[in-house]
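In my numbering, the protein residues as written are 336 to 733.
In this text, a Cβ means the ideal position worked out from N, Cα and C, and glycines have one as well.
Everything on this sheet refers to the single structure shown next.
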């Protein structure tokens, strides 16, 4: 018979099976979670606003680098070194921008020479409107001298601010035009190095998936930016054709100006057509011709929304008008005019990034157009391309 165990010599404070288990997770309250999320977003917006002078050239350079990357790769396949391929691409970009600035500069100089005549005619129409209002409603008309004096007083009050803003804007433009080519060169030259840098944050077994995701994002963003520029060119040609047929002065300038603004849903076409319509009304005195100018822009906008943009950009990246308008407002509040220019491409990039992950795919669906959700529900296997899509494919093959 064995003796009883000595309880005195046994080790004490041994962990029980319940103590070996992992501690229970503390569930965070949704209120605390969203509070920290709002604080983080507020800090992010504050940093983005304060660092606009640093971030804006980098963002512009990043978008231009993505747009120029196919040309650089094509030159590298033709036995160009990477440095010379990038330099040749930047020279082509500089030549294209110089031609555009020269074209717009000549149009603006001609418009400046015509301003005194337009001002004199507008004063005549202003007097006629005042006389009509005085006869109908008893309105006391304002003389030309009073109108000019009030205008000169307002100009004198704001002259200092205009001068300061002009000098600061000129300095900013000069610094940006110097930095953006340098950033583009760095992005294109160190693209492999930056890709390896991103891989170091990912486990080795997931790098292939990340590589495919990055390639798809790059392809879709390139297609979107190229399609957007193509739409602007096509709409500019159509607008210029219509305005030239009507005999409108500065037709090319107004056509390109309105086509760039047409990227903004609803608001762009209103602003882009109002200015040339007013100039035409003052120049010719014909309300019918001014209405015809508006009709040209409305017709081209109809073609752009229903045929041109779906045919060129397709349904890869389509932003709904509500998201585009909100992005424009937020971009203008955050970074001013450059923010409004960057807002639409950045929202398109965000949509592509959101669609690449299942966790953020609902946000990409929210930014996308309504037809995207309908297309995913319908079976399009039997759908055949239309006439415009076939024509565009033939043109691209040529």
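Quick check on this structure: which residue in the options has the alpha carbon closest to the alpha carbon of residue i?
| i | options | result |
| --- | --- | --- |
| residue 673 | 559, 396, 376, 368 | 396 |
| residue 595 | 557, 553, 430, 575 | 575 |
| residue 449 | 700, 618, 655 | 618 |
| residue 662 | 640, 685, 642, 641 | 685 |
| residue 630 | 604, 642, 655, 657 | 604 |
| residue 668 | 636, 385, 374, 406 | 385 |
| residue 527 | 549, 540, 512 | 549 |
| residue 636 | 454, 608, 464 | 608 |
| residue 392 | 670, 703, 697, 694 | 670 |
| residue 447 | 585, 627, 634, 664 | 585 |
| residue 655 | 468, 702, 388 | 702 |
| residue 389 | 441, 369, 513 | 513 |
| residue 553 | 530, 443, 694 | 530 |
| residue 569 | 593, 556, 583 | 593 |
| residue 704 | 556, 367, 430, 657 | 657 |
| residue 578 | 368, 445, 532, 633 | 633 |
| residue 638 | 675, 664, 571, 697 | 571 |
Alpha carbon to alpha carbon, how far is residue j from residue i? Give it in angstroms, no decimals.
| i | j | result |
| --- | --- | --- |
| residue 644 | residue 566 | 6 Å |
| residue 551 | residue 545 | 10 Å |
| residue 624 | residue 612 | 8 Å |
| residue 588 | residue 418 | 36 Å |
| residue 377 | residue 383 | 10 Å |
| residue 614 | residue 641 | 29 Å |
| residue 457 | residue 659 | 35 Å |
| residue 542 | residue 365 | 33 Å |
| residue 405 | residue 680 | 18 Å |
| residue 580 | residue 435 | 23 Å |
| residue 412 | residue 439 | 35 Å |
| residue 691 | residue 699 | 9 Å |
| residue 403 | residue 422 | 11 Å |
| residue 687 | residue 470 | 60 Å |
| residue 689 | residue 682 | 10 Å |
| residue 647 | residue 563 | 8 Å |
| residue 621 | residue 628 | 11 Å |
| residue 678 | residue 408 | 27 Å |
| residue 693 | residue 666 | 27 Å |
| residue 380 | residue 373 | 11 Å |
| residue 426 | residue 467 | 58 Å |
| residue 712 | residue 695 | Note that residue 712 scores a pLDDT of 43, beneath 50, so its modelled location is shaky and nothing firm can be said. |
| residue 583 | residue 590 | 10 Å |
| residue 452 | residue 375 | 55 Å |
| residue 610 | residue 441 | 19 Å |
| residue 558 | residue 431 | 20 Å |
| residue 538 | residue 573 | 51 Å |
| residue 555 | residue 454 | 48 Å |
| residue 410 | residue 535 | 29 Å |
| residue 416 | residue 367 | 54 Å |
| residue 547 | residue 616 | 55 Å |
| residue 532 | residue 597 | 39 Å |
| residue 433 | residue 676 | 20 Å |
| residue 606 | residue 561 | 24 Å |
| residue 428 | residue 697 | 37 Å |
| residue 664 | residue 387 | 16 Å |
| residue 414 | residue 540 | 34 Å |
| residue 443 | residue 437 | 10 Å |
Tell me, which residues are paired with residue i by DSSP?
| i | result |
| --- | --- |
| residue 654 | 703 |
At a cut-off of 7 Å, is residue i close to the ligand ATP when judged by its beta-carbon and the heavy atoms of the ligand?
| i | result |
| --- | --- |
| residue 604 | Among the components modelled here there is no ligand, and therefore nothing to report on the ligand ATP. |
Exercise. Quick one: complete alpha helix (DSSP H) runs, 4+ long, within the segment 585-643?
Worked result: Listed in chain order, they are 586-596, 602-619, 622-638.
Problem set entry | the segment 387-396 / the segment 509-526 touching (three or more Cβ pairs under 8 Å) | Yes, since at least three Cβ pairs between the segment 387-396 and the segment 509-526 fall closer than 8 Å, the two stretches touch.
Problem set entry | Segment contact, 8 Å Cβ cut-off, at least three pairs: the segment 520-537 with the segment 399-406 | Output reads yes: the segment 399-406 touches the segment 520-537.
For this session: Note down, one range per segment and in chain order, each alpha helix (DSSP H) of at least 4 residues found wholly within the segment 385-469.
Result: The DSSP assignment places 387-412 as complete runs of the alpha helix (DSSP H) inside the segment 385-469, in order along the chain (cut-off: 4 residues).
Exercise. Where are the alpha helix (DSSP H) runs, 4 residues long or more, that stay fully inside the segment 502-572, in chain order?
Worked result: Listed in chain order, the complete alpha helix (DSSP H) runs (minimum 4 residues) inside the segment 502-572 are 526-534.
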